[in-house]
Structures are given as C-alpha cells and as structure tokens.
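According to the numbering used here, the residues represented by the sequence shown are 31 to 318, in order.
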Amino acid sequence: MTTGADLENGVVFVNRLDAFRHFAEFSGPTQSQLHIRPLHEYVTSRLVLEGGFRPSELSPRPPLRTEKTGNLRRVIFAPQERTRTEATILGGLKTKKVDIVVSKDGIGPVLAISCKGMTGAVRNLTNRLEETIGECTNVHLSYPTLVFGYLFLMRANREGEDTLLTDAVLDSQGRPLEGIVRFHQALSGMIGRLSARNDASRYEAIAMTLVEVSPARAGEINEDYPPRGSAIHFDQFVDTIYRRYDERYVVSAPLLARRTRRLEWSGDSPAFDAEPLQRLDYRPRVAA
C-alpha cells in the first residue's frame, strides 16, 4: 500500500502503470489529493513528450525542461523543475482551480484536463455528475475555445473481495453493477463538443477507467469495462484531445499556428535515456 510518502521522496510518475498503481494501492485520506497527484504528473509529462507542448506552458509543471539548438529542440528530464501548483481559471460563474492547464502566451488557457479518482463510496456518483457538468460549463463560459477533457478513475472493487458493498463497482463475476453502467451512460452523453459554438456543458473528451486493485494486477486497466468500443474508453482519450486542439488552434487559426502548433523533439533528447522514461506506454513526438 502507498500513503503518499513517495511523492515527497523524489519519485516521479511519467508512465501510466506507476500512476495507476499508486491510485489502486493508496491508503491515506483522499481529501489530501495524494491518491491522484501521480496521475497529474503522468498526464502533464505525456502532454510534453507525446503532445509536443512546452513544460513551461503546463500547470502543474512536469519534471521536464527543453532546450533549443538551431532547429533542434531537445527535452531533458529535470525532476527539480516539477511543481504541484494547479492553475486558477476565472470561470463564467466562479474562479476554479483546474487540475491540469496548458496556457499559451498571448492567448491564455487552451487545454485543460480534470483528473478525478474515486476509491469507494459509489453512492456518491450522482454528486460527481453534477460537479462534472458544473465544472465544464463554468470553464467553457469564459473560454469557449478551450479543449476540456475529463479523466475519471475508479477502483475495480468486486463484491465479496473484502470490499464494502457501497464500494463495489463489479459483481463477483466481474460484471459492472447497475449504478456503474448508468454512470458510464451519463458520461458518454457529455462528450462530442466539436467547436466553440457547441454546448458549453459538453466535454471535448472523457475517459472512465476501472483500475485493478488485486496485488497481482494493481494498476492495470480492467479489460472488460468499459468495453473497447466505448466512446469514453481510455485508449481514445488523449488522441481525441490532440485532435480537437489541432482543429481549433492550428487548422482553424492559421495566423496563430506559429505559436500554437505542437512541437517535435529531437531523437537524441537526453530525456529519452533517463531511467524513468524507459517504460513509457506511448511514443514521444519525435521529429523525422
């Protein structure tokens, strides 16, 4: 079991399995947000390495920095550069701290991802839906062009496995309980925002993920639910975020493209030789 001490001891979370395993095994109070912070670091690192955003554009900042020599841009593993500070956005209804924000100089927030995790108390899912809709609407009212993603993790607790009945999301056969199916259906109806003129209460992308908790599989994604064909399966989440961003800030805004186009990194970037980056679950955005 983890308690959050690893976050204070220099451990970095740049790959999915480590971040998800921390969430699955965390035993401290969830109010501290320590159960979900490694997910923030994984996502921000991925937005740089795979997404081509500058580390300095991200809040919180991942353990990376960049340097430019001629036409080559290199990314460097730099744990001392990481921060834990979330960005505060002036929403249409109230100011709001958002878990992950990408901001461009002279433009403002262009991309945001809300990362949430539920370790139990499945009965509170209705409240989660209300919060989810409210957060999206609030941010889009002030920043209608912002690409907003919602990443939601749940522990794949099964009935009868030393799990409180109120914490179970799967039955003893591994099938999703009715409340989880309804939650999946509700989230599936909240995606599909293709342009700034669409419904402010819809997200550009959502991922709902059940994380295995058994010692042998802790941190792995449950393979059965949501099914691969689900519109909110994790495998589709990041690609959808990138696609919406490129459509909105590069293709549809050619005059801004010099500032908004996603970067490519040199293949000899020192970061790619750093030990923590040897087990990435995605391919860095490397220049041809």
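Think of the CB as a built atom: it goes at the ideal place given N, C-alpha and C, for glycine as much as any other residue.
Boundaries of the beta strand (DSSP E) around Y180: V177 to R185. The alpha-carbon separation between T96 and R84 amounts to approximately 7 Å. Between V199 and R212, the C-beta spacing is not below 9 Å. If you draw a 10 Å sphere on the C-beta of A246, you find fewer than 16 other C-beta atoms in it, and that means exposed. At the C-beta level, H70 and C145 come within 9 Å of one another.
Excluding five sequence positions before and after L155, the CB atoms of its chain that fall closer than 7 Å to its own CB belong to G209 and F213, given in chain order. Taking the CA atoms as reference points, D265 sits about 22 Å from C166. DSSP places A49 in the helix class (H, G or I) of the three-state scheme. Only residues of its own chain outside the window of five on either side were considered, and among them T125, K126, K127, V128, V131, P139, A142, V169, S172 and Y173 have a CB closer than 8 Å to the CB of I119, listed in chain order. H52 has its alpha-carbon roughly 11 Å from the corresponding atom of N45. Per DSSP, reduced to three states, the secondary structure at R188 is strand. By the C-beta density criterion, S225 is exposed, having fewer than 16 other C-beta atoms within 10 angstroms. Annotated three-state conformation of L224 is coil, per DSSP.
When the five nearest sequence neighbours on each side are left out, the beta carbons in the same chain lying within less than 7 Å of the beta carbon of L307 are those of V44, F107 and A301, in order along the chain. With fewer than 16 other beta carbons inside 10 angstroms of its own, D135 counts as exposed. Membership of V211 in the alpha helix (DSSP H) is indicated by the continuous run E208 to S218. Taking all protein chains shown into account, S296 has 16 or more neighbouring C-beta atoms within 10 Å of its C-beta and is therefore buried. Between L64 and T74, the gap from beta carbon to beta carbon reaches 9 Å or more. Secondary structure note for R95: its beta strand (DSSP E) is the uninterrupted segment L94 to T99. If you ignore the 5 residues before and after L183, its C-beta comes within less than 6 Å of the C-beta of F53, G147, T239 and V241, all in its own chain and listed in chain order.
In the three-state reduction of the DSSP assignment, L141 falls in the strand class.
In the structure shown, the three-state DSSP call for I271 is helix. By the CB criterion at 9 Å, R313 and E80 fall inside the cutoff. Between L102 and A304, the C-beta gap is not smaller than 9 Å, which leaves the two residues out of contact. Taken atom to atom, the span from the alpha-carbon of P90 to that of R76 is near 13 Å. For L240, the enclosing beta strand (DSSP E) starts and ends at A235 to V241. Spatial neighbours of R288 in its own chain (CB-CB distance under 6 Å, excluding positions within 5 residues in sequence) are not present.
With a contact defined as Cβ atoms closer than 8 Å, P93 and P68 miss out at about 12 Å. Rounded to the nearest whole angstrom, the CA to CA distance from Y233 to R292 is 21 Å. Counting the other CB atoms within 10 Å of its CB gives R309 a total below 16, which places it among the exposed residues.
The continuous stretches of alpha helix (DSSP H) do not include S299, and DSSP gives it neither H nor E.
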